Amino acid sequence: VTTGDHTTYRDEVGAYLLGALSDAERASFEEHLAGCPECREELERLRPAADLLPRSVEQVEPPASLKRSLMEVVEREAVGAAGGARAPKRRPLAERLRGRWLRPALVPAAILLAIAVGFAAGRLGGDEERTLQATVNPIELPDAGGRLQLEGDGQDGAILRVQGMPSLTSRRVYQAWVERDGMVQPEQTFEVGADGGGAVAVPDDLSDADAVHVTREPRGGSRAPSEQPILTVRL
Amino acid sequence: VVAADIRNLADEEVMQLVAEGSPRAFELLYDRHGAAAFSLAYRMVGNRVTAEDVSQEAFLSIWRSRTRYDPSRGSVRTWVLGIVHKRTIDALRRGAVQERRREQFEGVEERQEAPERTDVEAARREEARSVRTALDALPADQRRTIELAYFGGFSHSQIAELLDEPIGTIKGRMRLGLEKLRHQLADFAAGEFA
Chain A
62 VTTGDHTTYR
72 DEVGAYLLGA
82 LSDAERASFE
92 EHLAGCPECR
102 EELERLRPAA
112 DLLPRSVEQV
122 EPPASLKRSL
132 MEVVEREAVG
142 AAGGARAPKR
152 RPLAERLRGR
162 WLRPALVPAA
172 ILLAIAVGFA
182 AGRLGGDEER
192 TLQATVNPIE
202 LPDAGGRLQL
212 EGDGQDGAIL
222 RVQGMPSLTS
232 RRVYQAWVER
242 DGMVQPEQTF
252 EVGADGGGAV
262 AVPDDLSDAD
272 AVHVTREPRG
282 GSRAPSEQPI
292 LTVRL
Chain B
2 VVAADIRNLA
12 DEEVMQLVAE
22 GSPRAFELLY
32 DRHGAAAFSL
42 AYRMVGNRVT
52 AEDVSQEAFL
62 SIWRSRTRYD
72 PSRGSVRTWV
82 LGIVHKRTID
92 ALRRGAVQER
102 RREQFEGVEE
112 RQEAPERTDV
122 EAARREEARS
132 VRTALDALPA
142 DQRRTIELAY
152 FGGFSHSQIA
162 ELLDEPIGTI
172 KGRMRLGLEK
182 LRHQLADFAA
192 GEFA
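Going down the list, the protein sequences come from chains A and B.
Okay, so the first sequence: first residue is 62 according to my numbering, each after it adds one.
Okay, so the second sequence: first residue is 2 according to my numbering, each after it adds one.
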């Protein structure tokens with residue numbers, strides 16, 4: 062199906078409005094839409110009908126815990142923003158490690174030299190290069206994915222590439238972690254581009270590592286993760 | 002803006018304050034639309050725990066990406082519900098709530114009505130009744146297709162498989178169904194539902 066195949070796309074207007082297209086179909090439809098006034102018009106004509114559907118739902122009372130936990134996060138983040146400081150207000154560690162996915166790292170925060178991804182990438186590409194796929198938290202990152210490229214058993218480190226990651230506020234960054242025997246060691250922080258893609262070098266010896274994780278952290282990085290991992294590659 | 006004044010602001014003005022990072026404005030946004038958001042998620046996933054999770058994610062994404070509301074694209078309420086809908090569909094598609102979905106659409110679901118406390122809520126309940134009436138007036142196959150897609154989070158190809166019909170037929174029904182709905186609701190759409 063090409064972008065110009067108008068009839069096909071015109072038939073998909075309803076499915077698009079109802080959220081019944083796959084991600085790929087939706088992207089392709091939107092691409093067509095950008096260049097097709099006729100389809101845009103049809104879409105806008107039918108949109109009010111689709112917009113009314115959620116209003117047909119019988120109203121149920123949300124649990125009080127929903128507002129409570131939302132406002133906790135919002136108040137905390139607002140304080141951090143208002144301070145404008147480089148040290149955003151942080152939750153107590155115990156609270157942040159809800160579910161305790163890891164014991165706190167025993168290794169002190171490594172001095173994180175900014176190793177250019179390009180340099181690390183140059184060391185890869187050997188005969189035994191392996192690529193491992195990441196699993197993601199589907200609620201936090203519905204459209205994300207990632208893969209870890211490492212050479213041989215990972216002695217020379219690896220590169221983690223991600224895509225479909227939401228861009229974060231200016232106060233937050235993504236941070237990589239390496240897990241060994243239930244402990245995590247902080248790795249570099251990184252950001253993603255407007256397209257949600259990014260890469261970070263993990264220049265450690267990964268031959269005895271169990272996993273590489275990614276969390277969202279205050280700018281500058283953390284010594285212990287502030288949240289459950291949102292992306293994980295098992296080694 | 003002091004707290005007492007905020008409550009008199011229109012949604013669009015509240016969103017401006019949210020964009021500036023005001024927790025009070027965000028709270029007001031939640032007070033106005035949280036129940037509708039939760040109700041939509043609950044209708045889609047069929048259990049309160051998941052509905053709460055999805056609603057929380059949706060509202061946090063609103064808080065953290067405050068700038069994205071565009072008044073030219075419709076009301077704040079429509080925008081909020083659109084975000085909740087997308088988030089919930091993503092959760093459904095990722096298998097977060099796999100098993101009982103079909104059952105939900107086969108049988109009777111649990112209903113737990115909220116009390117009508119204000120005139121606004123009463124008006125919304127009336128609105129809901131009107132939209133349901135319009136939905137019920139659709140030919141059964143169109144209504145079912147729309148419900149499976151919008152509330153069930155099923156893709157058109159999944160629906161085609163479920164109902165054992167060609168995909169083209171399903172797509173056509175979606176469009177035709179929305180078309181009819183639009184006609185039936187034309188009277189409301191201009192005014193009360195804006």
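Don't be surprised by glycine CBs; every beta carbon is placed ideally from N, CA and C.
Note that this is a predicted model, so its numbers are computed, not measured.
Cutoff 6 Å; reference residue i; Cβ partners in own chain excluding five residues on either side
{"i": "T250/A", "result": "V234, Q236 and G282"}
{"i": "A76/A", "result": "L82"}
{"i": "R161/A", "result": "For R161/A, the pLDDT reaches just 34, beneath the cut-off of 50, and the residue's location in the model is therefore unreliable, although a value from the coordinates is still provided. Here the set comprises nothing."}
{"i": "H34/B", "result": "R78 and V81"}
{"i": "D266/A", "result": "Q216"}
{"i": "E14/B", "result": "none"}
Beta-carbon proximity list for residue i, same chain, < 7 Å, skipping 5 on both sides
{"i": "G145/A", "result": "With a pLDDT of only 42 at G145/A, under 50, the local geometry of the prediction cannot be trusted, and no value is derived from it."}
{"i": "A111/A", "result": "L78 and L79"}
{"i": "M132/A", "result": "none"}
Chain-ordered neighbours of residue i on chain B, where CB pairs are closer than 8 Å
{"i": "R87/A", "result": "Result: empty, since nearest Cβ-Cβ is about 10 Å, beyond 8 Å."}
{"i": "L127/A", "result": "G35, F39, E53, S56 and Q57"}
{"i": "Q236/A", "result": "Ordered by position in chain B, no residue passes the 8 Å Cβ test against Q236/A, which lies about 17 Å from the chain."}
{"i": "V275/A", "result": "Ordered by position in chain B, no residue passes the 8 Å Cβ test against V275/A, which lies about 17 Å from the chain."}
{"i": "A95/A", "result": "Residues of chain B passing the Cβ test: none, with the nearest at roughly 15 Å."}
Per-residue burial, residue i [other beta carbons within 10 Å of its own, 16 or more giving buried]
{"i": "Q194/A", "result": "exposed"}
{"i": "G154/B", "result": "buried"}
{"i": "D214/A", "result": "exposed"}
{"i": "V140/A", "result": "exposed"}
{"i": "V81/B", "result": "buried"}
{"i": "P286/A", "result": "buried"}
{"i": "G178/B", "result": "buried"}
{"i": "H157/B", "result": "buried"}
{"i": "R8/B", "result": "exposed"}
{"i": "S73/B", "result": "exposed"}
{"i": "P167/B", "result": "exposed"}
{"i": "T276/A", "result": "buried"}
{"i": "T146/B", "result": "buried"}
{"i": "R44/B", "result": "buried"}
Partner residues on chain A for residue i, Cβ-Cβ distance less than 9 Å
{"i": "H86/B", "result": "G80, L114 and P115"}
{"i": "T170/B", "result": "Near T170/B there are no residues of chain A at all, since even the closest Cβ is about 11 Å away, more than 9 Å."}
{"i": "D142/B", "result": "None at all; the shortest Cβ gap to chain A is about 13 Å."}
Within chain A, partners of residue i - CB distance below 8 Å
{"i": "D12/B", "result": "The contacting residues do not exist; D12/B stays about 15 Å from chain A at best."}
{"i": "I147/B", "result": "L79 and L114"}
{"i": "R44/B", "result": "V118 and E119"}
{"i": "R133/B", "result": "S117"}
Nearest residue (CA-CA) to residue i, options the options
{"i": "V85/B", "options": "L179/B, Q17/B and S56/B", "result": "S56/B"}
{"i": "E128/B", "options": "A88/A, P115/A, D66/A and E86/A", "result": "P115/A"}
{"i": "G207/A", "options": "M132/A, G259/A, L113/A and G96/A", "result": "G259/A"}
{"i": "R125/B", "options": "R191/A, K128/A and V121/A", "result": "V121/A"}
{"i": "T293/A", "options": "D269/A, E252/A, E99/A and L221/A", "result": "L221/A"}
{"i": "V261/A", "options": "E248/A, P199/A and R191/A", "result": "E248/A"}
{"i": "L41/B", "options": "Y31/B, A52/B and D142/B", "result": "A52/B"}
{"i": "D204/A", "options": "I90/B, I160/B, S131/B and E148/B", "result": "I90/B"}
{"i": "R129/A", "options": "K87/B, D54/B, R94/B and R145/B", "result": "D54/B"}
{"i": "Q210/A", "options": "M226/A, T192/A and L202/A", "result": "T192/A"}
{"i": "V135/A", "options": "K172/B, R44/B and A26/B", "result": "A26/B"}
Element boundaries [beta strand (DSSP E), containing residue i]
{"i": "L229/A", "result": "Here L229/A belongs to no beta strand (DSSP E), and DSSP marks it neither H nor E."}
{"i": "E122/A", "result": "Here E122/A belongs to no beta strand (DSSP E), and DSSP marks it neither H nor E."}
{"i": "P247/A", "result": "M244 to F251"}
{"i": "Y70/A", "result": "Premise fails: Y70/A lies in the alpha helix (DSSP H), H67 to D72, not in any beta strand (DSSP E)."}
{"i": "Y31/B", "result": "Note, Y31/B: premise wrong, no beta strand (DSSP E); alpha helix (DSSP H) at P24 to V46."}
Chain-ordered neighbours of residue i on chain B, where CB pairs are closer than 9 Å
{"i": "G206/A", "result": "By Cβ distance, chain B contributes nothing, its closest Cβ being about 12 Å from G206/A, past 9 Å."}
{"i": "S130/A", "result": "E53 and Q57"}
{"i": "L107/A", "result": "R176, L179, E180, L182 and R183"}
Cβ neighbours of residue i in the same chain (closer than 8 Å, five flanking residues each side left out)
{"i": "E73/A", "result": "L82, E86 and F90"}
{"i": "A270/A", "result": "G215, V239, E240, R241 and L296"}
{"i": "N198/A", "result": "Q289, P290, I291 and L292"}
{"i": "R71/A", "result": "E99, C100 and E103"}
{"i": "L107/A", "result": "V74, G75 and L78"}
Chain-ordered neighbours of residue i on chain B, where CB pairs are closer than 7 Å
{"i": "P124/A", "result": "R49 and E53"}
{"i": "V74/A", "result": "R176"}
{"i": "T230/A", "result": "R65"}
{"i": "V135/A", "result": "P24, F27 and W64"}
{"i": "S83/A", "result": "S156"}
{"i": "A255/A", "result": "Under the 7 Å cutoff, chain B gives no residues; its nearest Cβ is about 13 Å from A255/A."}
{"i": "A139/A", "result": "G22 and P24"}
{"i": "P247/A", "result": "What P247/A touches in chain B: nothing, since even the nearest Cβ is about 23 Å away."}
Residue range of the unbroken alpha helix (DSSP H) whose run includes residue i
{"i": "L221/A", "result": "Element bounds for L221/A: not the alpha helix (DSSP H) but the beta strand (DSSP E), A219 to Q224."}
{"i": "A85/A", "result": "D84 to A95"}
Under 7 Å from the C-beta of residue i: neighbouring residues of chain A
{"i": "Y151/B", "result": "L79, G80 and L114"}
{"i": "P167/B", "result": "None at all; the shortest Cβ gap to chain A is about 12 Å."}
{"i": "L136/B", "result": "S117"}
{"i": "L82/B", "result": "P115"}
Short CB-CB distance (under 8 Å) between residue i and chain D
{"i": "Q194/A", "result": "Chain labels in this structure do not include chain D; the protein chains are A and B."}
Heavy atom of the ligand FAD within 7 Å of residue i beta-carbon
{"i": "G169/B", "result": "As for the ligand FAD, it is missing from this structure, which has no ligand bound."}
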